[in-house]
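Novice: Please see the structure below; I have some questions.
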């Protein structure tokens, strides 16, 4: 089949890998002018995620790029350490930078998949035999199927499923992320500083440039996800007067070419498909922080492609089976993520102190650390990975 995928971050190329391996003709369209590097760290946790990477043939390439992060020190306004977040808790079994994961996926698919950067879908019209797609470039093309893998702000979801506010569940947490030259002499470690409703985290996963995250809690904030100038102003306003070394980080933000800002949001839909159009990853079921979003994307890609093959291309049966298998797993992961705001950005000094005491407990009391890690891994592994007949790697 001739299949169009919208989105070239993680879910899209992961699906393209499987579909091309099954012999489909795959095109990936991406609005960005080129593959985006950098970004935050993402992790894979437990046997389900790792076995999926094994089946994709990518685990070894990703392990070479693993961050191997140490603990994140929690500091007060003077820079003195008051607690630490153990790496065993937040890094999973395999942690890589999002940009490194995207690069590995692209390298694994670019010879078999047609990538079209700097373009995006503007209209979708489908009938019983195919899908007509209009692009911003003026091109029009017909496909057998379309997969929306274009993130929380999915254009495919908006065009096909409607721009319904009930599809989104904002968690009230917003964050800006960027890289800057190293100034804090970190090596595979990080520092976190918090004030009520605001948190600053600086990490250096590979001992080079620092990754800075500025997060705050403000339910109901409106912003234009395409206007980076507005987003930088929002960060500056919310972090004005925040202590520690925040002022120098704000200055670095203004010079950062890779600044990225968004809201932590869950996506909830009654169905992940409409006719010949299907959603995957954050476009269809974003989990939010701690919701195993990257793992869900790669597992979901495997299941979606596998069910299409098992159904011999009968998309209605394949999409229904994909959703039946995956939806309980998604619900479990989204439930885990729903309580994350107080962990990320405690809203009072009392909650900050409680969080720091919790960090101390899980760091210095091994049984507590094991229990916490067990529950986090249990969620990520709450899925029986189906076995599919997959053609051997060429």
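In this note's numbering, the protein residues as written are 208 to 601. For every residue, glycine included, the Cβ atom is placed at its ideal position computed from N, Cα and C.
Smallest Cα separation from residue 330: which of 435, 444, 368?
Specialist: 368
Novice: Since I believe residue 507 is in contact with residue 476 (beta carbons under 8 Å), could you give me their beta-carbon distance rounded to a whole number of angstroms?
Specialist: Between the beta-carbon of residue 476 and that of residue 507 there is about 13 Å, and that puts the pair past the 8 Å contact cut.
Novice: Tell me, which residues are paired with residue 304 by DSSP?
Specialist: Partner(s): 248.
Novice: Only counting the same chain, and skipping five residues up and downstream in sequence, which positions put a Cβ closer than 8 Å to that of residue 552?
Specialist: 380, 401, 404, 405, 406, 422, 423, 424
Novice: In the structure shown, what three-state DSSP assignment does residue 556 receive?
Specialist: helix
Novice: May I ask you to report which of helix, strand or coil DSSP gives residue 216?
Specialist: coil
Novice: Can you give, in chain order, each stretch of the alpha helix (DSSP H) that sits fully within the region 311–394 and has at least 4 residues?
Specialist: 362–368
Novice: Looking at C-alpha atoms only, which residue of 298, 268, 266, 585 is the closest neighbour of residue 247?
Specialist: 298
Novice: For residue 351 and residue 464, what's the separation of their Cα atoms in angstroms?
Specialist: 38 Å
Novice: Is it true that the region 343–361 meets the region 387–398, where meeting means three or more beta-carbon pairs spaced less than 8 Å apart?
Specialist: no
Novice: For a test of the three-state rule: what should DSSP assign to residue 420, helix, strand or coil?
Specialist: strand
Novice: Restricting to Cα atoms, I'd like to know which of 564, 597, 584, 583 is closest to residue 292.
Specialist: 564
Novice: Could you tell me which residues DSSP puts in a beta bridge with residue 399?
Specialist: Secondary-structure assignment with DSSP links residue 399 through a beta bridge to 281, 408.
Novice: Apart from the five residues just before and just after residue 240, which ones in its own chain have a Cβ nearer than 8 Å to its Cβ?
Specialist: 324, 325
Novice: In three-state terms, what does DSSP make of residue 235?
Specialist: strand
Novice: Consider the C-beta atom of residue 374 and the heavy atoms of the ligand NAD; say whether any pair is separated by less than 7 Å.
Specialist: Questions concerning the ligand NAD fall outside what the structure shown contains, since it holds no ligand whatsoever.
Novice: Of the choices 514, 582, 590, 302, whose alpha-carbon is the least far from that of residue 538?
Specialist: Among 514, 582, 590, 302, the Cα nearest to that of residue 538 belongs to 590.
Novice: Would you kindly work out how many angstroms separate the C-alpha atoms of residue 307 and residue 373, rounded to a whole number?
Specialist: 33 Å
Novice: With a CB to CB cut of under 6 Å and the five nearest residues on each side skipped, what residues in its chain are close to residue 347?
Specialist: Once the five neighbours on either side are set aside, the close Cβ partners of residue 347 are 341.
Novice: Who are residue 470's beta bridge partners in DSSP?
Specialist: 381
Novice: I'd like the ranges of any alpha helix (DSSP H) spanning at least 4 consecutive residues and lying wholly in the region 497–558.
Specialist: If we require 4 residues or more, the alpha helix (DSSP H) runs fully inside the region 497–558 come out as 500–517, 522–544, 548–551.
Novice: I'd like the list of long-range same chain contacts for residue 237, defined as Cβ closer than 6 Å, with 5 residues on each side in sequence excluded.
Specialist: 215, 324
Novice: With a Cβ-Cβ cutoff of 8 Å, do residue 226 and residue 233 count as a contact?
Specialist: yes
Novice: Would you mind sorting residue 278 into buried or exposed? The rule is 16 or more other CB atoms within 10 Å of its CB.
Specialist: Answer is buried; the Cβ neighbour count reaches 16.
Novice: Thinking C-beta only, is residue 311 closer than 8 Å to residue 378?
Specialist: no
Novice: Note down the Cα distance separating residue 480 from residue 486, rounded to an integer number of angstroms.
Specialist: 6 Å
Novice: Could you give the C-beta distance for residue 356 and residue 569, rounded to a whole number, given that I count them as a contact under 8 Å?
Specialist: Rounded, the Cβ-Cβ distance is 35 Å, inconsistent with contact.
Novice: Thinking C-alpha only, which one of 531, 468, 540, 469 is nearest residue 501?
Specialist: 540
Novice: According to DSSP, simplified to helix, strand and coil, what is residue 294?
Specialist: helix
Novice: Among 337, 594, 335, 305, which one has its Cα closest to the Cα of residue 174?
Specialist: What the structure shows of the chain is the stretch from 208 to 601, and residue 174 is not part of that stretch, so it cannot be assessed.
Novice: Looking at residue 445 and residue 457, is the spacing between their C-beta atoms short of 8 Å?
Specialist: no
Novice: Skipping 5 residues on each side, what residues in its chain have a beta carbon closer than 7 Å to that of residue 466?
Specialist: 383, 385, 435, 439, 460
Novice: Grouping DSSP H, G and I as helix and E and B as strand, with all else coil, what is residue 211?
Specialist: strand
Novice: For residue 223, which of 584, 489, 316, 514 has the nearest alpha-carbon?
Specialist: 316
Novice: In terms of residues, what are the limits of the beta strand (DSSP E) holding residue 486?
Specialist: Where residue 486 is concerned, the enclosing beta strand (DSSP E) stretches over 484–486.
Novice: Nearest to residue 255 by CA position, among 555, 584, 597, is which residue?
Specialist: 584
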